[in-house]
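First comes the structure, then the notes that go with it.
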Amino acid sequence: MYTLSSKAKSVNKGFNESRRARGKTNIDWLRSHWRDDRAGILLVGGTDLIHFRLRFAQSHLRDDLTPSHWSHVALLGQSDDGNLALAPLYEISLTPAGGFGFPAASNGVQNGTLEEYADAKSFPNVAILYLPAFVEPGKLMAAVKRFQQQRIVLDAVQLLLVWLGYAWGAGRAGNPLLDGIGMPSAAMLETVTGAEGFDLTPGLESRASCPEAVWQSARWWHEYHKEHKEGPITGTFYTPHRLPTR
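So for the sequence shown, my numbering puts the first residue at 1; every next one is plus one.
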């Protein structure tokens with residue numbers, strides 16, 4: 001898997017750290033940073049075994065080869081009733097709360113809610129990313145609906161099966177990223193944002209995308225987006241949890 005390095009000399013000043021107060025949930029933290037006027041993306045880093053394996057798999061994208069802070073990425077929908085916990089998410093999770101059902105009917109896309117990632121112990125690392133203003137939330141939702149009906153563009157069901165094999169340690173399943181096979185939820189996000197003219201991870205081929213690539217794009221590719229008159233990703237993050245490396 002080949003990646004490009006950003007030419008930026010410093011990190012994105014519009015994407016900053018904000019600590020989560022002790023005893024607060026991720027919903028509490030998100031409420032302090034919520035915006036209704038932009039398309040948003042949720043990043044989380046989990047601590048259970050599957051999320052550990054996903055974080056470790058992405059170490060090849062990091063210069064120091066340490067595990068990623070992140071294990072999953074999802075597209076934020078718009079909440080109509082003001083209850084942030086029930087704000088909709090569009091994702092392709094390897095651990096869906098309601099089970100997989102028949103994923104082929106929706107190209108693997110699952111409809112969830114933010115409350116599934118509320119527990120700060122299970123998901124200590126959290127970030128919210130906002131896309132530039134020209135990426136309109138309504139049009140992005142329309143792109144998601146088209147994605148669900150167009151497996152010929154990207155077969156997310158195939159990606160899901162490959163990553164489940166790796167996560168579950170089935171047979172001789174190796175790290176799919178090393179073969180350029182991206183994590184399904186990140187690849188879905190790449191496809192729908194690309195349909196609206198925004199390159200979510202300029203340093204990586206879209207079908208090989210993953211949460212770590214989205215993180216690096218938010219941190220380091222802001223100058224690229226400015227040069228292309230798109231505007232940078234903005235937002236907030238908190239990454240208190242690190243996986244041991246020795």
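Glycine is no exception: its CB is placed at the ideal position from the N, C-alpha and C atoms. Given the structure is predicted, the values throughout are model-derived calculations rather than measurements.
Collapsed DSSP secondary structure at residue i in the structure displayed
{"i": "L243", "result": "coil"}
{"i": "G138", "result": "helix"}
{"i": "V144", "result": "helix"}
{"i": "L86", "result": "helix"}
{"i": "N107", "result": "coil"}
{"i": "W237", "result": "Sequence check: residue 237 is Phe here, not Trp. It is a strand residue."}
{"i": "N175", "result": "coil"}
{"i": "Y2", "result": "For Y2, the pLDDT reaches just 48, beneath the cut-off of 50, and the residue's location in the model is therefore unreliable, leaving the point undetermined."}
{"i": "H72", "result": "strand"}
{"i": "V11", "result": "coil"}
{"i": "A213", "result": "helix"}
For residue j and residue i, believed in contact at Cβ under 8 Å, the rounded distance
{"i": "V73", "j": "V109", "result": "Between V109 and V73 the Cβ distance is about 13 Å, and since that is not below 8 Å, they are no contact."}
{"i": "L154", "j": "R207", "result": "7 Å"}
{"i": "P124", "j": "T66", "result": "Contact doesn't hold; Cβ gap of about 16 Å is too wide."}
7 Å CB neighbourhood of residue i in its chain, flanking five on each side removed
{"i": "L164", "result": "L94"}
{"i": "I159", "result": "Residue identity check: residue 159 is Leu in the sequence provided, not Ile. Around L159: I181, G182, P184 and A187."}
{"i": "Y2", "result": "Per-residue confidence for Y2 stands at a pLDDT of 48, beneath the threshold of 50, marking its modelled position as unreliable; no derived number is given."}
{"i": "Y90", "result": "A74, L75, G77, V109, N111 and V144"}
Cβ-based neighbour list, residue i, same chain, cut-off 6 Å, excluding 5 preceding and 5 following
{"i": "A156", "result": "I92, N107, G108, P184 and M188"}
{"i": "R151", "result": "N107"}
{"i": "P96", "result": "Q110"}
{"i": "H258", "result": "It is not possible to answer for residue 258, since the shown part of the chain is limited to 1 through 246."}
Straight-line Cα distance separating residue j from residue i
{"i": "P132", "j": "G174", "result": "36 Å"}
{"i": "E223", "j": "P232", "result": "7 Å"}
{"i": "A170", "j": "R55", "result": "18 Å"}
{"i": "W220", "j": "G180", "result": "21 Å"}
{"i": "L140", "j": "Y130", "result": "13 Å"}
{"i": "R31", "j": "Q58", "result": "29 Å"}
{"i": "G101", "j": "E227", "result": "43 Å"}
{"i": "Q216", "j": "A127", "result": "12 Å"}
{"i": "I27", "j": "S209", "result": "26 Å"}
{"i": "R53", "j": "T234", "result": "28 Å"}
{"i": "G197", "j": "G45", "result": "28 Å"}
{"i": "G138", "j": "A39", "result": "9 Å"}
{"i": "G82", "j": "R172", "result": "46 Å"}
{"i": "P202", "j": "K13", "result": "18 Å"}
{"i": "G29", "j": "P244", "result": "The question names Gly, yet the displayed sequence has Trp at residue 29. Their Cα atoms are separated by approximately 25 Å."}
{"i": "L86", "j": "Y117", "result": "11 Å"}
{"i": "V192", "j": "F147", "result": "7 Å"}
{"i": "F237", "j": "P211", "result": "13 Å"}
{"i": "E115", "j": "H60", "result": "31 Å"}
{"i": "V11", "j": "T25", "result": "27 Å"}
{"i": "T113", "j": "P176", "result": "27 Å"}
Residue i Cβ short of 6 Å to the ligand SAH heavy atom set
{"i": "R172", "result": "As far as ligands go, the structure on display features none, and thus does not contain the ligand SAH."}
Margin query: In chain order, what are the residue ranges of uninterrupted alpha helix (DSSP H) at least 4 long that sit wholly in the stretch 41 to 70?
Written below: Entirely contained in the stretch 41 to 70, the alpha helix (DSSP H) runs reaching 4 residues are, in chain order, 49 to 57.
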